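Numbering (full-length UniProt numbering), first residue to last: 1 to 415. Below: one structure, written as structure tokens.
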């Protein structure tokens with residue numbers, strides 16, 4: 001008899017799409033996410049291109065689909081530890097990490113109000129702080145608080161326990177293990193920015209005002225660490241001279257070979273953020289090529305009307321002015337053959353879209369390409385979806401997730 005259950009690993013837009021599509025045609029779905037919330041990188045984005053609309057409305061529609069469908073079981077703060085078996089009959093071990101907050105949480109926030117300990121906010125890439133008891137993000141699903149046990153002082157404090165009127169704080173909560181038997185697995189753990197620490201010629205992450213493009217998204221977001229104000233991390237000043245550096249760690253034999261496919265469009269979109277806030281700001285792009293496929297060419301032409309400076313050339317070095325914290329960019333303009341050394345208030349690095357599987361492998365004998373993307377079909381019944389299969393934007397990730405569901409259903413039938 002066919003095992004009509006599917007495990008979806010990763011709660012970003014690809015995983016969410018796969019879960020709801022599979023459940024809505026009758027399959028039991030287990031949706032596993034290592035973070036305390038669903039939404040993945042899409043929840044950290046300020047606006048989609050080219051329409052420049054916020055992503056939370058689209059996510060909320062899918063959250064409603066999850067809430068209304070009893071066939072979907074969501075497991076947050078969960079990690080797949082082991083996979084055995086074969087197509088149609090996989091045994092999976094999942095570790096459920098403690099949240100220290102029970103399902104009785106109403107999201108009132110009183111635990112955070114009394115918490116005396118602070119931590120760097122990972123959702124905002126450390127650009128601000130939260131309490132050790134915190135809501136993972138403003139539109140969190142599930143809308144429940146979590147306690148960071150790496151900084152929480154535990155029962156020796158206990159103020160959160162006293163403040164919680166519904167008794168939802170459990171500082172003694174421990175990790176648990178659960179076992180599942182499923183017919184197919186969709187692996188959709190998403191992507192990470194290529195680590196700037198590996199880019200020695202760009203300062204290895206020590207140049208304070210050289211931020212990544214995903215950090216720029218959080219700075220521009222109204223729900224971000226600065227309430228949407230784009231400022232320099234070093235001193236909070238308004239940047240009036242900004243550079244965008246394309247292919248930071250991607251299309252590079254020494255780092256990630258693949259083109260991330262969306263970075264050019266992301267940069268063009270972020271230029272619109274800057275120009276809306278600072279119409280007189282000077283904006284420069286260092287680029288190898290501008291890849292604006294299909295109808296995105298219209299968006300590119302629209303952004304060019306801002307009179308941006310285009311320097312065709314990949315910077316050889318980025319360093320910091322020790323006194324002013326300005327960012328110094330050394331590059332060769334391939335068109336004019338001129339070597340330039342220019343100073344900026346803020347530099348945005350379009351870091352490559354690295355698959356999560358480059359560092360966090362599937363616990364099964366799947367195969368990968370040179371950059372860590374999962375190769376299709378290497379293990380029957382385990383299907384890669386979204387940005388672990390290939391770099392892509394939200395639309396292509398949604399399409400790929402739907403295709404992965406069809407393959408997963410075929411696997412359950414064959415099994």
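All residues carry an ideal CB built from backbone N, CA and C; glycine is no exception. For clarity, every value in this text was computed on a predicted model and none was experimentally measured.
Item: Would you mind sorting residue 64 into buried or exposed? The rule is 16 or more other CB atoms within 10 Å of its CB.; Value: exposed
Item: Taking the C-alpha atoms as reference points, what is the distance between residue 313 and residue 289?; Value: 9 Å
Item: What span of residues does the alpha helix (DSSP H) with residue 402 cover, start to end?; Value: 394-414
Item: Out of curiosity, what's the CA-to-CA distance linking residue 69 and residue 24?; Value: 8 Å
Item: With a cut-off of 8 Å, do at least 3 Cβ pairs link the stretch 374-385 to the stretch 240-248?; Value: no
Item: Grouping DSSP H, G and I as helix and E and B as strand, with all else coil, what is residue 306?; Value: coil
Item: Let me make sure I understand the geometry here. Which of 26, 53 and 406 has the alpha-carbon closest to that of residue 220?; Value: 53
Item: Comparing C-alpha positions only, which one of 275, 371, 77 and 182 sits nearest to residue 146?; Value: 77
Item: For residue 155, which option in 110, 100 and 176 has the closest C-alpha, if you only look at C-alpha atoms?; Value: 100
Item: Leaving out five residues on either side along the sequence, give the residues of the same chain with a beta carbon under 8 Å from the beta carbon of residue 179.; Value: 91, 92, 93 and 94
Item: By how many angstroms is the C-alpha of residue 333 removed from the C-alpha of residue 33?; Value: 44 Å
Item: Could you give the distance in angstroms between the alpha-carbon of residue 8 and the alpha-carbon of residue 365?; Value: 17 Å
Item: Measuring alpha carbon to alpha carbon, tell me which residue in 86, 308, 109 and 392 is nearest residue 182.; Value: 86
Item: Helix, strand or coil, according to DSSP, for residue 348 in the structure here?; Value: strand
Item: Going along the chain, which residues of its own chain have a beta-carbon closer than 6 Å to the beta-carbon of residue 199, five neighbours each way excluded?; Value: 249
Item: May I have the straight-line CA-CA distance separating residue 416 from residue 301, to the nearest angstrom?; Value: Absent from the model: residue 416. The displayed extent of the chain is 1 to 415, so no value can be given.
Item: Residue range of the beta strand (DSSP E) that residue 114 falls in?; Value: Premise fails: residue 114 lies in the alpha helix (DSSP H), 110-114, not in any beta strand (DSSP E).
Item: For residue 245, which beta-bridge partners are listed by DSSP?; Value: 286 and 349
Item: What are the boundary residues of the alpha helix (DSSP H) that includes residue 270?; Value: 263-277
Item: Distance check for residue 224 and residue 50, CA to CA, integer angstroms please.; Value: 21 Å
Item: Put residue 161 into one of helix, strand or coil per three-state DSSP.; Value: helix
Item: Can you list, in chain order, the residues of its chain with a C-beta nearer than 7 Å to that of residue 44? Leave out the 5 residues immediately preceding and following it.; Value: 123, 214, 217 and 218
Item: Please determine, among 21, 285, 394 and 203, the residue with the shortest C-alpha to C-alpha distance to residue 303.; Value: 285
Item: DSSP on residue 149, reduced to helix/strand/coil?; Value: coil
Item: Between residue 407 and the rest of its own chain, which residues show a CB-CB distance below 8 Å, the 5 nearest in sequence each way excluded?; Value: 184 and 383
Item: Using C-beta distances below 7 Å, list every residue in its chain close to residue 319, excluding the 5 sequence neighbours before and after it, in chain order.; Value: 203, 207 and 328
Item: With contact counted as at least three CB pairs below 8 Å, one residue from each stretch, are the stretch 394-411 and the stretch 16-30 in contact?; Value: yes
Item: Quick check: what's the CA-CA separation for residue 252 versus residue 194?; Value: 12 Å
Item: Write down the C-beta distance between residue 201 and residue 316 rounded to the nearest angstrom, noting that I regard them as a contact closer than 8 Å.; Value: 6 Å
Item: Would you kindly check if the distance between the Cβ of residue 356 and the Cβ of residue 189 is under 8 Å?; Value: yes
Item: With respect to the beta strand (DSSP E) encompassing residue 89, which residues constitute its N-terminal and C-terminal limits?; Value: 89-96
Item: Restricting to runs no shorter than 3 residues, where is the beta strand (DSSP E) found entirely within the stretch 314-372?; Value: 317-320, 327-333, 338-344, 346-351 and 353-355
Item: So if DSSP puts residue 134 in a beta bridge, which residue, or which two residues, is it bridged to?; Value: 146
Item: Would you kindly work out how many angstroms separate the C-alpha atoms of residue 326 and residue 266, rounded to a whole number?; Value: 23 Å
Item: Less than 8 Å between the beta carbons of residue 105 and residue 163, yes or no?; Value: no
Item: In chain order, which continuous runs of the beta strand (DSSP E) of length 3 or greater are located wholly inside the stretch 56-85?; Value: 72-76
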